[in-house]
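J.:
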Amino acid sequence: MGQMISWDSVMDKALSMPGVKVERENYLMEAFSNYDGVEQLREGNARPIDVFDSDIVERVANGAIKGHLLKVTALSTAAGIPGGPVVVATVSGDLIQYYWHVLVLAQKLGYIYGWPDLLGENKQVNENTKNILTVFVGVMLGAQAANKLIGEIAKNISTQIAKRLSQKALTKTVYYPVIKQVAKWIGVKLTKDMFAKGVSKAVPIIGGMTSGMLTFVTFKPMANKLQKELRFEMEKYCARCSYSENSDDIQDLPTIEVENVEDDNVNLEMIKIQACINIAKIDFELADSEIVLITDMINDSSLDDDDKMKLLEQLHSKEILNIDFTKLKGSELHSIALIENLIAVVKIDNIIKPAEKIYLFKIVHDLGFSREDIQILLEA
Numbered sequence: 001m002g003q004m005i006s007w008d009s010v011m012d013k014a015l016s017m018p019g020v021k022v023e024r025e026n027y028l029m030e031a032f033s034n035y036d037g038v039e040q041l042r043e044g045n046a047r048p049i050d051v052f053d054s055d056i057v058e059r060v061a062n063g064a065i066k067g068h069l070l071k072v073t074a075l076s077t078a079a080g081i082p083g084g085p086v087v088v089a090t091v092s093g094d095l096i097q098y099y100w101h102v103l104v105l106a107q108k109l110g111y112i113y114g115w116p117d118l119l120g121e122n123k124q125v126n127e128n129t130k131n132i133l134t135v136f137v138g139v140m141l142g143a144q145a146a147n148k149l150i151g152e153i154a155k156n157i158s159t160q161i162a163k164r165l166s167q168k169a170l171t172k173t174v175y176y177p178v179i180k181q182v183a184k185w186i187g188v189k190l191t192k193d194m195f196a197k198g199v200s201k202a203v204p205i206i207g208g209m210t211s212g213m214l215t216f217v218t219f220k221p222m223a224n225k226l227q228k229e230l231r232f233e234m235e236k237y238c239a240r241c242s243y244s245e246n247s248d249d250i251q252d253l254p255t256i257e258v259e260n261v262e263d264d265n266v267n268l269e270m271i272k273i274q275a276c277i278n279i280a281k282i283d284f285e286l287a288d289s290e291i292v293l294i295t296d297m298i299n300d301s302s303l304d305d306d307d308k309m310k311l312l313e314q315l316h317s318k319e320i321l322n323i324d325f326t327k328l329k330g331s332e333l334h335s336i337a338l339i340e341n342l343i344a345v346v347k348i349d350n351i352i353k354p355a356e357k358i359y360l361f362k363i364v365h366d367l368g369f370s371r372e373d374i375q376i377l378l379e380a
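Quick note on numbering: the sequence shown equals residues 1 to 380 in the UniProt record's numbering.
Structure (structure tokens):
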């Protein structure tokens, strides 16, 4: 299948391009400049929904989507290349340009629907910025764990909506393990789309007008998914969450002691990777693509070298591990993230075998989900 695409690599390259950073206040003042009351966005650091009717907020959001849709479609048309699947071993420039538009639009939609400034001090991109953008892109690409995660984060920052996102590192929150898994899921999806279906699926550039049309029909649904989720959270929380500049009123992201975060992360990562190892071996045919994917999971984890070596040995042994999923059952967020990782493993070789499906449904049952819930993800 070739080299696995890393979402972190794609994002870093896109974030290094000029114009990718969107400053909240400047953007909102420009976006709502045609409407009376726009100065309130500056004077009170208010959210757009605090100042304007929801119809106006929707109009501005739709305008932002339309603007980027036209630009990215024009980019694809101008950059058209001969048709047919394109096999690439490295991240292409077209992919980076495509996700430049995705990241810029994600920031704009976040601000329109009431999210705080995603940039760090001195208006620079930091790890928190990258983590939130990863969640946004996960929503756009259909990651169910990202949908759940965006709601959890929105709920906990609702009282600081007009301020900058808390500078407490998201790496010290209970969300971080899932953010890492969403990033891995995005990388797997980009790789599968690029190789199995051709570059036209991930970055629809097949040539001329065909290229532009394919970009149109893929970019717009992605944007609409994020818009829908952000709108839902705005409607759900903004009505009852009042903004205050008093820092004593600001609810911070839920955290636990760093030592406990690290311990919990290790336990969760071990469980999730071991489950992925089991499902890859359950049919007694370990595909090269499965080995590459799981090895990347192990290498990218925060486990120590001894644990990584143990997992690599387990990957290449014939043993099927007995795993206790109790720690995951209490968290719908972590459970969904695990299920999506398992589905990524079973679909990586483009063949879902009966033994893999049976084992997947067993885990799904143990975690408290139904087969119907997961069948949709399998068919996606």
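We put the CB at the ideal spot given by N, CA and C, even for glycine.
For clarity, every value in this text was computed on a predicted model and none was experimentally measured.
Hey, is the segment 333-340 in contact with the segment 181-188, meaning 3+ C-beta pairs nearer than 8 Å?
T.: Yes, since at least three Cβ pairs between the segment 333-340 and the segment 181-188 fall closer than 8 Å, the two stretches touch.
J.: Are the segment 341-360 and the segment 287-295 in contact at 8 Å, needing three or more beta carbon pairs?
T.: Touching, yes.
J.: DSSP three-state label for D94, please.
T.: Correct three-state label for D94: helix.
J.: Using a Cβ-Cβ cutoff of less than 7 Å, which residues in the same chain neighbour L141 once the five nearest sequence positions on both sides are dropped?
T.: Excluding residues within five positions, the ones whose Cβ falls inside 7 Å are I186, K189, M222.
J.: Measure the C-alpha to C-alpha separation of I65 and Q227 and round it to an integer number of angstroms.
T.: C-alpha separation (whole angstroms): 9 Å.
J.: Quick one: measure Cβ to Cβ for L342 and C276, integer angstroms, because I've assumed they're closer than 8 Å.
T.: Between C276 and L342 the Cβ distance is about 6 Å, and since that is below 8 Å, they are a contact.
J.: In terms of alpha-carbon separation, which member of V104, Y175, N147 lies closest to F219?
T.: The candidate whose alpha carbon is nearest that of F219 is V104.
J.: At what residues does the alpha helix (DSSP H) containing R24 begin and finish?
T.: Segment 24-31, the alpha helix (DSSP H) holding R24.
J.: Roughly how many angstroms separate the alpha carbons of L321 and E285, rounded to a whole number?
T.: Cα to Cα, L321 sits roughly 16 Å from E285.
J.: Rounded to a whole number of angstroms, what is the C-alpha to C-alpha distance between V139 and A146?
T.: V139 and A146: Cα-Cα distance of roughly 5 Å.
J.: Report the three-state DSSP secondary structure of D117 (helix, strand or coil).
T.: Of the three classes helix, strand and coil, the one that applies to D117 here is strand, per DSSP.
J.: Starting from N341 and walking both ways along the alpha helix (DSSP H), at which residues does that stretch end?
T.: Counting along the chain, the alpha helix (DSSP H) containing N341 begins and ends at 332-347.
J.: Do the segment 30-50 and the segment 121-139 touch if we need at least three Cβ pairs shorter than 8 Å?
T.: Touching, no.
J.: Using DSSP with H/G/I as helix, E/B as strand and the rest coil, what is I179?
T.: Helix at I179.
J.: What are the boundary residues of the alpha helix (DSSP H) that L293 is part of?
T.: Run containing L293: 288-300, per the alpha helix (DSSP H) assignment.
J.: Can you round the beta-carbon distance between E269 and S301 to whole angstroms, since I take them to be within the 8 Å contact cut?
T.: That pair is a contact at about 5 Å.
J.: At the level of alpha carbons, what is the spacing between V309 and I56?
T.: Reading off the sequence, residue 309 comes out as Met, not Val. Whole-angstrom Cα-Cα distance: 55 Å.
J.: Taking its Cβ as the centre, do 16 or more other Cβ atoms sit within 10 Å of G19, making it buried, or is it exposed?
T.: The residue in question, G19, is exposed, as its Cβ has fewer than 16 Cβ neighbours within 10 Å.
J.: Let me make sure I understand the geometry here. Which of E39, I5, D50, M29 has the alpha-carbon closest to that of M234?
T.: Nearest option by C-alpha distance: D50.
J.: By DSSP, does Q124 sit in helix, in strand, or in coil?
T.: Coil at Q124, not helix or strand.
J.: Got a sec, what are the start and stop residues for the alpha helix (DSSP H) I5 sits in?
T.: Neither: I5 is in no alpha helix (DSSP H) and is coded neither H nor E.
J.: Here's the rule: buried if 16 or more other CB atoms are within 10 angstroms of the residue's CB, otherwise exposed. What is N278?
T.: Buried is the call here.
J.: Return the chain-ordered list of same chain residues with a C-beta closer than 8 Å to the C-beta of I153, the five sequence neighbours on each side being excluded.
T.: If we look at I153 and ignore the five residues flanking it on each side, its Cβ neighbours are I132, V135, Y175, L253.
J.: Just to confirm, are L311 and I298 a CB contact at a threshold of 8 Å?
T.: The answer is yes: Cβ separation under 8 Å.
J.: From L303 to K108, what does the alpha carbon distance come to, in whole angstroms?
T.: Looking at the two C-alpha atoms, the distance is approximately 36 Å.
J.: What residue from Y359, H334, V364 has the CA that sits closest to A143's CA?
T.: The option with the nearest alpha carbon to A143 is H334.
J.: In terms of alpha-carbon separation, which member of D283, K318, K236, G368 lies closest to S54?
T.: Ranking the options by Cα distance to S54, first place goes to K236.
J.: Please return the same chain residues whose Cβ sits closer than 7 Å to the Cβ of Y35, not counting the five positions on each side in sequence.
T.: Here the set comprises F52, I56.
J.: Taking Cβ positions, are F32 and V10 nearer each other than 8 Å?
T.: The answer is no: Cβ separation not under 8 Å.
J.: Quick one: residues in its chain with C-beta nearer than 8 Å to the C-beta of K357, no 5 flanking neighbours on either side, listed in chain order?
T.: Cβ neighbours of K357 beyond the five flanking positions: V346, L378.
J.: What is the C-beta distance between I282 and A355, in whole angstroms, given that I count them as a contact (C-beta under 8 Å)?
T.: The Cβ separation is near 5 Å, so the contact holds.
J.: Taking only three categories from DSSP, how would you classify S54?
T.: Helix, per DSSP.
J.: So is E121 buried or exposed if we call it buried at 16+ other beta carbons inside 10 Å?
T.: Under this definition E121 is an exposed residue.
J.: For my contact list, Y111 and R24 are in at a C-beta cut-off of 8 Å; report their separation, rounded to the angstrom.
T.: Y111 to R24, Cβ: 5 Å. Contact.
J.: Buried or exposed: which applies to H365, given that a residue is buried once 16 or more other Cβ atoms fall within 10 Å of its Cβ?
T.: Looking at its Cβ environment, which holds fewer than 16 other Cβ atoms inside 10 Å, H365 is exposed.
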